[in-house]
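Only one structure is covered here, and it is reproduced in the block below.
Residue numbers (our numbering): 32 to 405.
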């Protein structure tokens with residue numbers, strides 16, 4: 032049952048979030064600035080001494096692995112080398128001395144990440160490690176003489192996304208793969224401060240975009256679409272945060288592929304059958320019959336055909352009584368755009384957890400799974 036009152040009272044929000052997940056999410060701007068300093072001090076520019084790699088392979092799991100996806104999204108389709116994220120125990124067979132392998136772990140090294148990093152070292156690949164100081168990953172970096180960037184965890188790995196991602200982006204900059212000036216890095220941090228201000232606990236739901244969207248989603252099955260590869264990465268991140276923060280399901284996709292299959296779900300069991308589907312401005316908290324909810328993450332750089340498909344898909348959804356919410360990226364640079372989409376999604380999922388009476392911090396099922404397979 033949704034507790035809409037819980038989101039009206041900052042004291043109630045704080046009590047419902049004993050692990051401080053909202054504070055962790057709000058640290059995004061500080062993470063960017065701190066990671067920028069740590070990466071420069073670690074000497075990331077030295078990567079350029081060996082020239083441009085044939086490919087970049089990022090290995091990481093869960094909240095750490097998303098950093099590779101964000102790197103690929105910021106570098107974009109014009110990146111002159113492929114960027115691959117490996118989630119698992121095995122390094123692709125083609126990886127060798129011509130490639131750069133970046134191992135990322137907020138905790139300092141999951142068994143999967145350490146296994147792939149060790150294999151990369153044995154094959155003679157170029158190495159960059161990003162993780163906690165005094166961790167297994169830091170130890171491996173010392174043993175292999177790999178460049179190491181120490182990061183400070185703000186709590187949960189999923190909330191430390193920018194501390195883990197900024198070193199990768201600056202490494203790509205050093206290799207000439209992306210243009211990200213120091214000014215862009217700082218302006219991205221400033222944008223995230225603005226998002227944090229708008230989404231602060233003291234801001235009431237009717238002016239707080241994260242609270243409003245959380246209440247709109249509560250009880251529905253979210254289908255999250257991105258309108259570009261960049262927004263598609265944010266859609267994937269949004270669903271991961273739905274799972275871990277709100278303990279809630281979510282389906283993600285990216286246009287134009289999503290409307291080749293997922294659009295058919297508009298006619299399915301979970302489609303919203305509103306009494307008056309044309310009343311888009313009704314109070315969703317009064318609905319008793321919940322169903323599918325299309326959440327569209329819009330990028331400023333949409334292919335013209337994708338923009339058209341988005342418009343038609345939204346029309347089809349609304350005509351069938353499916354609730355639709357659209358979020359548009361802010362800023363001009365790819366780093367700014369993906370950062371604002373991810374930030375708002377992080378806030379939405381924490382507020383959704385609180386509205387549903389769920390503690391957003393613990394991941395008990397993951398911990399139980401790990402204990403059983405240890």
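The beta carbon of each residue, even a glycine, is placed where N, CA and C say it ideally should be.
Computed from a prediction, not measured in an experiment: that's the story for all the values here.
207 is the residue among 207, 348, 337 whose C-alpha sits nearest the C-alpha of residue 79. Residue pairing from DSSP places residue 131 in a beta bridge opposite 87, 157. In the DSSP assignment, residue 208 falls outside any alpha helix (DSSP H), carrying neither H nor E. Annotated as distal: residue 138 and residue 256, with beta-carbon spacing of 9 Å or more. In the three-state scheme derived from DSSP, where H, G and I count as helix and E and B as strand, residue 284 is classed as strand. Separation of residue 340 and residue 44 (C-alpha to C-alpha, rounded to the nearest whole angstrom) is 39 Å. Relative to residue 281, the option among 267, 287, 77, 289 whose CA is nearest is 267. By alpha-carbon distance to residue 393, the top candidate from 274, 71, 218, 289 is 274.
Residue range 59-73 is occupied by the alpha helix (DSSP H) that includes residue 70, with no beta strand (DSSP E) assigned at that position. Residue range 167-175 is occupied by the alpha helix (DSSP H) that includes residue 171.
Secondary structure of residue 334 (DSSP, three-state): coil.
Residues of the same chain with a CB within less than 7 Å of the CB of residue 104, apart from the 5 flanking positions on each side, are 260, 261, 264, 365, 369 in chain order.
The three-state reading of DSSP puts residue 257 in strand, counting E and B together. 153 is the residue among 116, 153, 145, 142 whose C-alpha sits nearest the C-alpha of residue 127. In the structure shown, residue 361 falls within a coil segment according to DSSP collapsed to helix, strand and coil.
Spatial neighbours of residue 84 in its own chain (CB-CB distance under 8 Å, excluding positions within 5 residues in sequence) are listed in chain order as 112, 129, 130, 131, 157, 206. Bounds of the beta strand (DSSP E) holding residue 115 are 114-117. Under the criterion of beta carbons closer than 8 Å, residue 199 and residue 77 do not qualify as touching, at roughly 15 Å. The three-state secondary structure of residue 149, taken from DSSP, is helix. Residue 373 and residue 289 have their alpha carbons spaced roughly 20 Å apart. Restricting attention to 404, 396, 362, 375, the CA atom closest to the CA of residue 215 is found in 362.
If you draw a straight line from the Cα of residue 285 to the Cα of residue 381, it comes to about 23 Å. Taking one beta carbon from each stretch, the region 91-105 and the region 231-249 have fewer than 3 pairs nearer than 8 Å; the two do not touch.
Excluding residues up to 5 positions away in sequence, 33, 383, 386, 387 lie with their Cβ nearer than 7 Å to the Cβ of residue 249 in the same chain. Here residue 193 is buried: its Cβ has 16 or more other Cβ atoms, across all protein chains shown, within 10 Å. Assigned with DSSP and collapsed to three states, residue 329 falls in strand. Counting every other CB atom within 10 Å of its CB across the protein chains shown gives residue 402 a total below 16, marking it as exposed.
Contact check for residue 327 against residue 356 passes: the beta carbons are separated by less than 9 Å.
For residue 248, the uninterrupted alpha helix (DSSP H) run begins and ends at 240-248, by DSSP. When C-alpha distances from residue 397 are compared across 175, 182, 92, the shortest belongs to 92.
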